[in-house]
Amino acid sequence: MEGALAIGAGLAVAVGALGGGIGQGIAGGKCFESIARQPEIAVQVRTLLFITLAFIETLTIYGLLIAFMLVGKIG
Amino acid sequence: MIFGASYEPLFHIGPVPVYDHVVAQWLVMIILAVVCILATRNMQVVPRGLQNFFEWVVEWCYNFFGGALGNEHAAKRYTPLLATFFLFILTSNYFGLIPGAGTIHGFVPPTSDWNITATLATIVFFAVIIVGFREQGSHYLAHFVSPYWPFLPMNILEQFARPLSLTLRLFGNIFGHEMIVAFLVLMAPFLVPMPLQALGVLTGLIQALVFTILATSYLADVVGEGH
Numbered sequence: 000m001e002g003a004l005a006i007g008a009g010l011a012v013a014v015g016a017l018g019g020g021i022g023q024g025i026a027g028g029k030c031f032e033s034i035a036r037q038p039e040i041a042v043q044v045r046t047l048l049f050i051t052l053a054f055i056e057t058l059t060i061y062g063l064l065i066a067f068m069l070v071g072k073i074g
Numbered sequence: 000m001i002f003g004a005s006y007e008p009l010f011h012i013g014p015v016p017v018y019d020h021v022v023a024q025w026l027v028m029i030i031l032a033v034v035c036i037l038a039t040r041n042m043q044v045v046p047r048g049l050q051n052f053f054e055w056v057v058e059w060c061y062n063f064f065g066g067a068l069g070n071e072h073a074a075k076r077y078t079p080l081l082a083t084f085f086l087f088i089l090t091s092n093y094f095g096l097i098p099g100a101g102t103i104h105g106f107v108p109p110t111s112d113w114n115i116t117a118t119l120a121t122i123v124f125f126a127v128i129i130v131g132f133r134e135q136g137s138h139y140l141a142h143f144v145s146p147y148w149p150f151l152p153m154n155i156l157e158q159f160a161r162p163l164s165l166t167l168r169l170f171g172n173i174f175g176h177e178m179i180v181a182f183l184v185l186m187a188p189f190l191v192p193m194p195l196q197a198l199g200v201l202t203g204l205i206q207a208l209v210f211t212i213l214a215t216s217y218l219a220d221v222v223g224e225g226h
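What follows is the structure, encoded as structure tokens:
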């Protein structure tokens with residue numbers, strides 16, 4: 000039972016970070032593309048990028064919270 | 000550990016236990032109040048020092064959040080609420096950067112407890128409903144059946160999903176950051192946690208901004224087109 004909890008805690012972060020990582024990579028890459036095309040809007044794009052990254056990160060954070068709860072159950 | 004139930008309360012007021020995070024929240028409120036009183040105590044026409052800084056902060060909040068609300072009337076009315084959210088959450092997040100935070104009682108970022116982020120999200124939840132009725136009257140109820148009446152359950156569900164995601168986003172980020180720093184301090188206490196603490200400065204600002212921007216967009220939905 001404890002082993003399953005530990006595996007679950009690891010998977011919660013790993014799978015959560017996988018999706019979030021891909022999403023953040025796409026968002027960041029598109030941001031650089033748009034700044035390279037049009038450097039004068041860099042400030043606005045960067046602000047939007049940070050907010051977008053925070054949204055994507057939230058989903059990974061949900062996984063992290065679940066992992067903390069599972070690790071707390073192992074005790 | 001995780002939902003703040005297992006650690007000991009600092010002290011009791013009557014039958015009510017008082018935890019670290021609540022004391023930290025009081026400290027944040029006192030700091031904000033004292034700094035604001037100091038800034039506005041001896042106001043000059045040509046601002047200097049603290050007053051100058053706070054005028055810049057207020058103007059920035061008005062332009063940023065008020066601009067997102069859409070119209071002048073709503074910006075004047077609701078920017079104070081949003082700016083309060085922003086300053087309170089920002090100060091709370093930065094509370095974890097004080098040396099000794101986490102080990103000394105009463106020095107934890109209040110936003111790393113889900114009770115406090117849930118309180119903030121609940122304020123947003125009721126603010127949206129109250130602002131909706133205040134600005135649009137009974138016409139606000141039409142929002143719930145837009146675009147068609149079969150969407151009624153989904154619109155109601157959305158209203159309740161908002162505070163949940165607001166709560167968990169802020170709490171998860173700050174709490175996760177605190178836990179990771181704690182693990183690193185446990186493993187390598189010297190210099191190694193420093194880059195993560197520096198990242199915490201960025202995280203704290205961005206999370207305060209994200210919470211407030213979301214609250215702004217929820218309010219902007221219901222303030223209508225102006226008069």
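These protein sequence lines map, in sequence, to chains B and L.
Going by numbering that gives the first Met the number 0, the residue at position 45 of the first sequence is 44; the numbering climbs one at a time, nothing skipped.
Going by numbering that gives the first Met the number 0, the residue at position 74 of the second sequence is 73; the numbering climbs one at a time, nothing skipped.
Beta carbons: idealized from backbone N, C-alpha and C, even for Gly.
Straight through space, the alpha carbons of B/ILE55 and B/THR46 are spaced by roughly 15 Å. Cβ contact annotation for B/LEU4 (same chain, cutoff 7 Å, sequence separation greater than five): LEU69, LYS72, ILE73, in chain order. Within the segment 160-189 of chain L, contact with chain B at the beta-carbon level (separation under 7 Å) is assigned to LEU167, ARG168, GLY171, ASN172, GLY175, MET178. Taking a cut-off of 8 Å for Cβ pairs, the segment 21-30 of chain L and the segment 93-113 of chain L touch, as three or more such pairs fall below it. The segment 113-126 of chain L makes contact with the segment 156-171 of chain L; the number of CB pairs closer than 8 Å reaches 3 or more. Judged by pairs of C-beta atoms under 8 Å, the segment 142-150 of chain L does not touch the segment 28-41 of chain B, as fewer than three such pairs exist. With respect to the 9 Å criterion, L/ASN92 and L/GLN196 are not classified as neighbours on the basis of their beta carbons. In the three-state reduction of the DSSP assignment, L/HIS176 falls in the helix class, which pools H, G and I.
Within the segment 29-98 of chain L, the runs of alpha helix (DSSP H) that reach at least 4 residues and sit entirely inside it are, in chain order, 48-60, 71-93.
Within chain L, no residue has its beta carbon less than 7 Å from that of B/LEU10; the closest one is some 17 Å off.
At a cut-off of 9 Å between beta-carbon atoms, L/LEU218 makes no contact with chain B. No Cβ of chain L is located within less than 9 Å of the beta carbon of B/ALA26. Considering only L/ASN172, L/CYS35, L/VAL45, the residue with the shortest C-alpha distance to L/LEU208 is L/ASN172.
In the structure shown, the three-state DSSP call for L/PHE106 is coil.
When C-beta atoms of the segment 77-91 of chain L are compared with those of the segment 58-69 of chain B, fewer than three pairs fall below 8 Å, so the two segments do not count as touching. Only buried fits B/ILE60, as 16 or more other CB atoms lie within 10 angstroms of its CB. Between B/ALA26 and B/LEU52, the C-beta gap is smaller than 9 Å, which places the two residues in contact. Where L/PHE125 is concerned, the enclosing alpha helix (DSSP H) starts and stops at 113-135. From the beta-carbon of L/GLN206, the residues of chain B found nearer than 9 Å are ALA53. Shown here, L/VAL222 sits in coil according to DSSP, grouped into three states, outside any helix or strand. With respect to L/GLY95, L/GLY203 sits close: the two C-beta atoms are nearer than 9 Å.
Judged by beta-carbon spacing, L/PHE143 lies beyond the 9 Å limit of L/ILE129, meaning their Cβ atoms are not closer than that value.
Straight through space, the alpha carbons of L/VAL56 and L/PHE84 are spaced by roughly 13 Å. With contacts defined by Cβ atoms closer than 9 Å, L/ALA73 and L/TYR61 do not form a contacting pair. Of all residues in the segment 54-69 of chain B, only PHE54, GLU56, THR57, ILE60, TYR61, LEU63, LEU64, PHE67, MET68 come within less than 8 Å of chain L when Cβ atoms are compared, listed by chain position.
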